[in-house]
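The next block holds one structure in the form of structure tokens; read it before the comments.
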Amino acid sequence: MALLPILRYPDNRLHKKAERIREVTPEIRLLAADMAETMYEAPGIGLAATQVDRHIRLIVVDVSEDQSELLTFINPEIIEKSGECVGEEGCLSVPGIYETVTRAERIKVKALNLDGKEFQMQAEGLLAVCIQHEIDHLQGKVFVEYLSNLKQTRIKSKLAKKARITA
Ligand code: NI
6 MALLPILRYP
16 DNRLHKKAER
26 IREVTPEIRL
36 LAADMAETMY
46 EAPGIGLAAT
56 QVDRHIRLIV
66 VDVSEDQSEL
76 LTFINPEIIE
86 KSGECVGEEG
96 CLSVPGIYET
106 VTRAERIKVK
116 ALNLDGKEFQ
126 MQAEGLLAVC
136 IQHEIDHLQG
146 KVFVEYLSNL
156 KQTRIKSKLA
166 KKARITA
């Protein structure tokens, strides 16, 4: 397995729309494993293929405290949502930035697993938020785009400054 480089906002490639996966091949399974390793190492609770510059509909999520509940969603689709929850979010592509976003409290998601079999799952709370955040990535959307233009500009200049310091 391998660690993959994560694209950093405001990289334009984060705005590419991911394509549906036609077949779950060994290559897709390897990518999913590498993404999980990359997410755990970061550390983070979710990662979308978009963030590692692979523009296909694949996300990995694990909101447990001991990295014991890895979930892989291929071609995920939210088929039901209800309620509202407001929470602070961060993103491995936007390091050090945490902002409040409003999302659905409960969702039902349909996807394929690593065997190419369709499954449905209900999620709520943090898991539901995380899945919505990762599916946004597949649509080319980064969570800071829910914020005002002024806030987005501030975040961009903050990240640019940080990049200069670490370069
Ligand atoms: Ni993210």
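All residue numbers for the sequence shown refer to this note's numbering, where the first residue is 6 and numbers rise by one.
For glycine and all other residues, C-beta sits at the position ideal for the given N, C-alpha and C.
Is C96 close to the ligand NI? I mean its beta-carbon at under 6 Å from any heavy atom of the ligand. yes
CB-CB length for R59 against N80, believed under 8 Å: Going by Cβ atoms, the distance from R59 to N80 rounds to 14 Å, so no, they are not a contact pair.
G92, buried or exposed, once every other Cβ within 10 Å from all chains shown has been counted against 16: exposed
Beta-carbon within less than 6 Å of L9's beta-carbon, same chain only, minus the 5 sequence neighbours each way: which residues are those? D39, T43 and V57
Would you mind giving the Cβ-Cβ distance between E94 and V106, rounded to the nearest angstrom? I have them listed as a contact below 8 Å. Contact between E94 and V106 holds: their C-beta atoms lie close to 5 Å from each other, under 8 Å.
Is DSSP giving R111 helix, strand or coil here? strand
Quick one: measure Cβ to Cβ for L36 and A54, integer angstroms, because I've assumed they're closer than 8 Å. 7 Å
With 16 other CB atoms within 10 Å as the buried threshold, where does S98 fall? buried
Inter-stretch contact at 8 Å, needing at least 3 Cβ pairs: the region 137–151 / the region 20–34: yes
Can you look up N23 in the DSSP assignment and give me helix, strand or coil? Here residue 23 is Ala; the residue named in the question, Asn, does not match the sequence. Reduced to three states, the DSSP call for A23 is coil.
Element boundaries [beta strand (DSSP E), containing I136]: Segment G130 to L143 is the alpha helix (DSSP H) holding I136; no beta strand (DSSP E) there.
So E32 is in the alpha helix (DSSP H); what residue range does that whole segment cover? Note, E32: alpha helix (DSSP H), P31 to E46.
Let me check understanding here. Comparing Cα to Cα, which of L117, V29, A165 and L152 lies closest to L76? L117
Per DSSP, S153 is paired with what? According to DSSP, S153 bridges with nothing at all.
Who are the Cβ neighbours of L12 in its own chain at under 8 Å, not counting the five residues just before and after it? R18, L19, T55, Q56, V57, D58 and S98
Bridge partner(s) assigned by DSSP for C90: R108
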